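Take numbering that gives the first Met the number 0: the last position of the sequence shown gets the number 281, and nothing is skipped along the way. Note that CB positions come from ideal geometry on N, CA and C, so glycine has one too. Remember, predicted model here, so these are calculated numbers, not experimental data. Following: one structure in structure tokens, then a few remarks.
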Amino acid sequence: MQSLKQYIKGRLKAPLAESNYKRFLADGNPPWKPGYDTHKIKSVTAAINDPAYDPYKLPDGFGWRLDERIVEYPWFMARLPAGKGRLLDAGSTLNHAHVLGHPKLREKTCTVSTLAPEQWSAWQWGVSYVYEDLRESCFRDAYFDWIACISTIEHVGLDNTMLYTSDGTKNETDTDGYVSCLMELRRMLKPGGVLFLSMPFGRRANHGWFQIFDAEMVDRLVERFAPQSGIETIYRYKAEGWTVGDRESAKDATYFDIHKQNTYDDDYAAASRAVVCLELTK
Numbered sequence: 000m001q002s003l004k005q006y007i008k009g010r011l012k013a014p015l016a017e018s019n020y021k022r023f024l025a026d027g028n029p030p031w032k033p034g035y036d037t038h039k040i041k042s043v044t045a046a047i048n049d050p051a052y053d054p055y056k057l058p059d060g061f062g063w064r065l066d067e068r069i070v071e072y073p074w075f076m077a078r079l080p081a082g083k084g085r086l087l088d089a090g091s092t093l094n095h096a097h098v099l100g101h102p103k104l105r106e107k108t109c110t111v112s113t114l115a116p117e118q119w120s121a122w123q124w125g126v127s128y129v130y131e132d133l134r135e136s137c138f139r140d141a142y143f144d145w146i147a148c149i150s151t152i153e154h155v156g157l158d159n160t161m162l163y164t165s166d167g168t169k170n171e172t173d174t175d176g177y178v179s180c181l182m183e184l185r186r187m188l189k190p191g192g193v194l195f196l197s198m199p200f201g202r203r204a205n206h207g208w209f210q211i212f213d214a215e216m217v218d219r220l221v222e223r224f225a226p227q228s229g230i231e232t233i234y235r236y237k238a239e240g241w242t243v244g245d246r247e248s249a250k251d252a253t254y255f256d257i258h259k260q261n262t263y264d265d266d267y268a269a270a271s272r273a274v275v276c277l278e279l280t281k
């Protein structure tokens, strides 16, 4: 239960958030400006709770000036089966109330594995938290029915001290660290279990704190995982919004890094201009 101080703080912040949101919309949805988070949460919530959502056919203007979570979350929720079972959130990308509160996740036994504690947690919903390196997980073999690793594997082995942890040992330059992570995820997955894996796609580039995967790197991942079956979906961002793409149309996609760029590009991309989403059955 929240304290009186937390309640008052929340009540005071709500009008400001709504005011920022209205101004954000009036200004043309500029990425990362005040109001962006509110807009993103509203948009994601609407998409993941829309029973008619089709991850393979997006409407015109979908996710305009929003980052890749607007396609990753709905893709994952649309493909995740209903029902009970164990699910691992490898990297903590699902660790938000509007995501973990989804009925498909509430009915599952969810565990979050990430490098360090975060400001918000869902322990009151029965979600467990483990703080570890995904290349050396504590879980036994064949434990999880599903593993979600959403926009996480591109950070493994690189500089995670910029945003995710104060542990200096996690400032690395191992561009092959993602392979070790993948094999750990495979080890923890039950036979017949499914790995939902996504990452930035396009022109290969190392940004220091993450890397963009090209077709060769994606092929290496799939080959090492050796799935019984696999489904690949690529989403491409253009100035008009997100669309379903393919490797050819996304092969030269780049990344807008708000941490390094002071001005928007012409398309007002918020982050990745393409992502590849893999559904791999062990």
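So, helix, strand or coil for residue i, using DSSP?
i, result
"GLY156", "coil"
"ASP111", "A small fix is needed here, since residue 111 is Val in this sequence, not Asp. In this structure, VAL111 counts as strand in the three-state DSSP scheme."
"THR174", "coil"
"TYR236", "strand"
"MET161", "coil"
"ILE257", "coil"
"LEU99", "helix"
"GLY244", "strand"
"SER179", "helix"
"GLY339", "The question about residue 339 has no answer, for the chain in this structure spans 0 to 281."
Measuring only the C-alpha atoms, how far is residue i from residue j?
i, j, result
"GLU106", "PHE61", "29 Å"
"MET217", "PRO226", "In the sequence as presented, Met is not what sits at residue 217; that position holds Val. Roughly 13 Å between the two C-alpha positions."
"TYR177", "GLY90", "12 Å"
"GLY34", "PRO14", "12 Å"
"GLN343", "PRO199", "Here the chain covers residues 0 to 281 and nothing more, so residue 343 does not appear."
"LYS8", "GLY84", "Low confidence applies here, because LYS8 scores a pLDDT of 46, under 50, leaving its location unreliable and the question unanswered by this model."
"LEU184", "LEU133", "8 Å"
"GLU135", "LEU87", "14 Å"
"PRO190", "LEU277", "17 Å"
Sort the options by Cα distance to residue i and report the nearest one.
i, options, result
"TYR263", "GLU239, THR242, TRP119, PRO30", "PRO30"
"THR242", "SER271, SER127, SER165, GLY207", "SER271"
"VAL221", "TRP122, GLU239, THR253, LEU279", "LEU279"
"TRP145", "ASP166, GLY82, ALA204", "GLY82"
"VAL70", "PHE224, GLY244, LYS32, HIS258", "GLY244"
"LYS32", "PRO80, MET76, ASP265, ASN261", "ASN261"
"MET187", "PRO80, ASP140, ARG22, ARG78", "ASP140"
"THR172", "CYS180, TYR163, HIS154", "HIS154"
Per DSSP, residue i is paired with what?
i, result
"GLN210", "ASN205"
"TRP145", "LEU86, VAL193"
- At least 3 beta-carbon pairs within less than 8 Å: the region 183–203 vs the region 148–161: Remark: three or more beta-carbon pairs, one from each stretch, lie closer than 8 Å, so the region 183–203 and the region 148–161 are flagged as touching.
- Query: Do three or more CB pairs link the region 42–60 to the region 232–240 at distances below 8 Å?
  - Reply: The answer is yes - the region 232–240 touches the region 42–60, with three or more Cβ pairs under 8 Å.
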